Structure formats: C-alpha cells, structure tokens
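Chains A and B, in that order, are what the protein sequence lines are.
Counted from 1, the first sequence has number 318 at position 74 by this note's numbering; the numbering is strictly sequential.
Counted from 1, the second sequence has number 825 at position 69 by this note's numbering; the numbering is strictly sequential.
All C-beta atoms, glycine included, are put in the ideal place defined by N, C-alpha and C.
Here the structure is a predicted model, which means the values were calculated and not measured.
Notes follow the structure.
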Amino acid sequence: MTQQLVVHNPVGYPPKVTGKPLAPRLDTLSGRTVYLVDCRFDDSDILLKQVQDWFAERMPAVKTVYKPISSVYTRDDPATWKEVQANGHAAIVGVGH
Amino acid sequence: MDLKYQVPTVALHTQMFHRLTQSVARMNGAPRMRQVYLPHPVMGKTAAELRGYIDGNDPVTGRPVMQEVVEGLTRPLGEEDRSGVSFERSTPRLCEAATPDALQRLFLDNGWTDGLPIVLPTDERVAEMLRHTRRRPEEVVGHLAPTHFRESWEFTVEKVAVNAVMAGARPEYFPVILALASTGVSARGSSTSSMAAMAVVNGAIRHELGMNAGIGAMGPYNHANATIGRAFGLASQNLQGGSVPGDTYMGSMGNALAYASPTFAENEERSPWEPLHVQYGFRPDESVVSVFAGCRSGAFTLGLRHEHWREHVKNMLRGMDPNDSPTLLLDPIVARLFIDVAGLKTKQQLIDWVYENGRMPAGEYWDYQLVQNYKYPRATFGEEPYASRLRAAPQEPIQIWTRDEINVVVVGGETNGYWRIMGARRAGAASIDEWR
Chain A
245 MTQQLVVHNP VGYPPKVTGK PLAPRLDTLS GRTVYLVDCR FDDSDILLKQ VQDWFAERMP
305 AVKTVYKPIS SVYTRDDPAT WKEVQANGHA AIVGVGH
Chain B
757 MDLKYQVPTV ALHTQMFHRL TQSVARMNGA PRMRQVYLPH PVMGKTAAEL RGYIDGNDPV
817 TGRPVMQEVV EGLTRPLGEE DRSGVSFERS TPRLCEAATP DALQRLFLDN GWTDGLPIVL
877 PTDERVAEML RHTRRRPEEV VGHLAPTHFR ESWEFTVEKV AVNAVMAGAR PEYFPVILAL
937 ASTGVSARGS STSSMAAMAV VNGAIRHELG MNAGIGAMGP YNHANATIGR AFGLASQNLQ
997 GGSVPGDTYM GSMGNALAYA SPTFAENEER SPWEPLHVQY GFRPDESVVS VFAGCRSGAF
1057 TLGLRHEHWR EHVKNMLRGM DPNDSPTLLL DPIVARLFID VAGLKTKQQL IDWVYENGRM
1117 PAGEYWDYQL VQNYKYPRAT FGEEPYASRL RAAPQEPIQI WTRDEINVVV VGGETNGYWR
1177 IMGARRAGAA SIDEWR
C-alpha cells in the first residue's frame, strides 16, 4: 500500500469580509445630477461621452457632469469622490478596457 | 463611492471582467453592488461603436444596458443591499492525508502550483526550512494581493516556508525567499499586460548560496537562482489567495518569464561600478534582494560600436513601450564598453545618457495607449515632469522617462558582449540579513 502523507496547505490567510450597505437609491433621476466618473483607462472617456449623449437625447431632465478622476486609477481620489458627494445625486463609473 | 461615500453608483465594465468584478464586490462585502456589463473591448472602438454598446444589451444579463443603469440608480434596496454580506474564511494548516500522487493532483487542481510538479511540503521539510531563520514560524511577514483593488491576504513565516519547499529550494535559501516575500511585491500580478517579476541578489549571500552571476546566470543553470525565483512565484500566487485566470489573473497572453521570475546574482566582482544595492543606499556588506516588475518588453544587441553606438542604443530605447521602465542588463564586457567606447565612466553617467537620449516626438509619446492610461492623467493634473512634457509641440522630441525609472544591472559570464534592456520597474528591495 502506498504511503499516506500529511502536508502543509500553502495558501495565505484571507481577511474577514464585513458587509457594507449600498447607498439609498433615488426615487427618480429627473432633475437630479448624475456624475459620469471617468477612470481614464483604455478609452473610458469616449465611452462615457456616449453615456452623456444618451442622457441628453433620452432623459434630458437628467443633468450629467463628465468628471475625469484626478490622476491614474491606481490612486485613490478623495477630492473627486467628495465633489461627487457634495454636488451630485448619483454616479456612473466607467472603467474602459 | 457607493459604499464609502454613500452616493448611489453604477459601475460599467466589459463582460471579460464579469467574474473578477463580481468577486471583488463580494470580497468588499457588497455582492449586490450595481454593475452593468458591455461587450469587450472598449479600447480602439469608435464613438459610434461605443454608442452601439450603450444602445445595446448587457451581454451578461441580455437586458438593455441603459435600462440597467437607470434601474441600478433608482431601484429600491433590498435587505441584502442594506446589510451587505459578512463572512470569514479560514485556511487550514494541513491538508488531509493522501498518497503522494493524490497530493500532487490536489495541489495542481487547486491552482497551488505553476503547472509543474512540486516538492510536497511535509512537516519535516517545512521544519527544516524554518531552521534557517531566527524568525518564529507564526510571525506575520506581510500582505499580498494580485492587484491594488483586491483584498490583501496575510501570511506567516511558516506559510512562506511551505511554498519554498514546494519550489524545491534548499533550506539555506530561505532568508532570500523571506526577504522577497517581505517586499509586498507579487510575482503574480493580475494585470492584463501579463507581468512577470525579476529579482537581483547582491552581497555576500550570493557566494554563500552558490548563486550564479556568470555564464547562464539568468537561467536555467543554477539551483539557487532557479528555485528561489520559483519560490517567489509560488509564494506570491498562494499567499495572495490565488492566481486564477479570469478571476485573480487577467494577463491576456501570459508570460513565460513568470515560471522562473528570473532571479540571479549581480556580477559585482566583474562590474566596473557600484553594486545595485549600494546605489540605493544599502551597505556594501549587506545582502539584499531587489525586485523588478514588468518584464514584458525588451531589446537586445551585441556590443557597442564606435561609429553608431548612440543611434543603436537610441533604437533599442525606442523599441521599448514608453510606459515601461528600462533596466539595462549588461554583461561585464558591455559595462566596460560603455566606459571605453561611450566615455560614460560611472553608472550615473550612463543613466543620465539614457535619460537625455531616450526621446520621441511628443505627439507620438502621448498617443501611446499605456501613456494615455498611466502618464497622461498625471500630466493633466499638473504632476511634473509630465505636465511640462504635455505642453511640448507634437514634433518636439521629449524625454520618455525620468532618471529614477532607469536602472543598470551587471550580469553575465563574459563569453561575449551581449546585452539587453528589460522593461521592468524597480518595485522594491529588502535586506536578506534581516531574515536570517
């Protein structure tokens, strides 16, 4: 009979996952400001301009603000997040690729 | 933005990233985060084609994209949306007993290997590895993640030892492997660009371990070089919680250099210049490992010609992707040619020459996709030197790199004056002596 071995598991230790609530949703987008946040990666700007055009044509009561992040997507950008929080009602984040 | 700033948000992704983005949302405790998918790719498509994406259906759900976007911002939250999902996972210390063949299969099927057979990490082998560091087995070495936006996993000295055994490393190599793991740099980055890592060892430990800095140093002719590099790769993928294609690994083409994470000693004895670690402020008598990340682009040639060396080197530099940092890997013969033929007496003079002469027209530079992704955003918000370079006329030749992006390593056995430029960024370094 072939020998049975006990060996170590090579995997690291995952962090505990803590549930986080989503932000309350809006009852309507009409009359509200939606930020189109551009993560500036692989033509995401062109993509979000199409989203902006779609709102202008199909839901003109929605105000959209095109907002590129302050630097590259690998860096946190609290200034932009705070601006969206202060001046917007919702956001669409476009990542490109 | 949705979770931290409580702004209702929808994220647009391409369908290629469906598994990854769902996984990231779950690990952030919000698996029902509103995510809408578009056809892949976005890059290179015209505005009209992208408008077609917006007017079309989500390829994952089959529902209209913009209907999903609007609903994602307005549909009332359910119970799970309001609470998120909490859970804990654990990693057992040991695997269930099995035959060696069954364990090889288990490790392969679980994605714990590089696809090649491994040395099974028995308790005896792991214990022997642990005897070669003064650090306690349960001591936390650090944290690793495949990308910056995924959760970091924690790992201990013992976990690094397990992976070192698997790679076939001898116990005396263990401090180098611990030092590599402590840098926090993953050799299994998830980037779509298919990255690999490279490690350069300096100091006395090169001789203590019999590492190779001479003929065939970059592989595959030395046990220490080969197994330390393999251990770096295996440890990275396992300690960060995986490197699974489509989930925790998105490298489109893959990278054969990732099998080995090329690891070698610098040929300090034959180099005319100060060693890499001394250049970066470590003591000459210290043993240090430096990690480079990227290893995707490269250029290569023989020698340095008296008449046209400048043009030849400029051509090599133009062959690199401008977002990759050039690391010159010079056989000692070539290092001396840079002194004798080019008149660049010091390593810093060589770096300065590359900095001054690595140029291309501004219009071409700024149009590179990776420059658009990683340098242009920094330029538009005033970060120097990119902001000044952005003001250049399209035909004006601008510098491609900053001085601190350029590195020089001397390696090789002087069988001939070959050299190459590896597109690889110096991503970290650690004292090996700290981990003895």
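DSSP, reduced to helix, strand and coil, places B:Gly-812 outside both helices and strands of the structure shown, so it counts as coil. Secondary structure note for B:Trp-909: its beta strand (DSSP E) is the uninterrupted segment 909-912.
Nearest Cα to B:Leu-1085 within the set B:Asn-1113, B:Phe-1048, B:Asp-1096, B:Arg-1074: B:Phe-1048.
In chain order, Val-798 make up the part of chain B whose C-beta sits under 8 Å from the C-beta of A:Ser-288. The distance from the Cβ of B:Thr-878 to that of B:Gly-1184 is about 31 Å, inconsistent with a contact at the 8 Å cut-off. Linking A:Arg-276 to B:Glu-1067 through their CA atoms gives a straight-line distance of about 58 Å. Below the 9 Å Cβ cutoff, chain A contributes no neighbours of B:Asp-1108, its closest Cβ being approximately 27 Å away.
Interface flag for A:Thr-308 against chain B is unset, since no Cβ pair is found closer than 8 Å. DSSP places B:Arg-1052 within a strand segment (E or B) once states are collapsed to three. Here DSSP, grouped into helix, strand and coil, assigns A:Pro-312 to strand. Contact annotation: B:Pro-927 and B:Ser-1027 have beta-carbon atoms that are not nearer than 8 Å. Contact check between the stretch 889-904 of chain B and the stretch 941-950 of chain B: three or more CB pairs, one atom from each, fall below 8 Å, which counts as touching. In the same chain as B:His-904, and ignoring 5 residues on each side of it, no C-beta atom comes closer than 6 Å to its own.
When the Cα atoms are used, B:Ile-1154 and B:Thr-1083 turn out to be separated by approximately 20 Å. If you check the CB distance, B:Trp-1175 and B:Val-1090 come in under 8 Å. Taking 8 Å as the cut-off, the beta carbon of B:Val-913 is found closer than this to the beta carbon of B:Thr-889. Sequence-ordered contacts of the stretch 857-872 of chain B with chain A read Leu-859, Trp-868 [C-beta pairs closer than 7 Å]. For a Cβ distance threshold of 9 Å, residue set Gly-256, Tyr-257, Pro-258, Pro-259 of chain A lies close to B:Glu-910, ordered along the chain. Across the set B:Leu-1093, B:Gly-1075, B:Ile-1177, B:His-963, the C-alpha of B:Gly-1075 shows the shortest separation from the C-alpha of B:Tyr-1124. In the DSSP assignment, B:Thr-1136 falls outside any beta strand (DSSP E) and within the unbroken alpha helix (DSSP H) covering 1132-1136. Taking CB atoms only, B:Gln-1035 has no neighbour in chain A less than 8 Å away. With contacts defined as CB atoms closer than 8 Å, B:Ile-810 and B:Val-821 qualify as a contacting pair. At least one CB of chain A lies nearer than 8 Å to the CB of B:Asp-758. A:Pro-268 reaches chain B at Gln-762, Pro-764, Leu-833, counting residues in chain order whose Cβ is nearer than 8 Å. Excluding sequence positions up to five before and after B:His-1062, its CB lies within less than 7 Å of the CB of Val-1097, all in the same chain and listed in chain order. If only uninterrupted alpha helix (DSSP H) runs of at least 4 residues are considered, those enclosed by the stretch 1018-1043 of chain B are 1032-1035.
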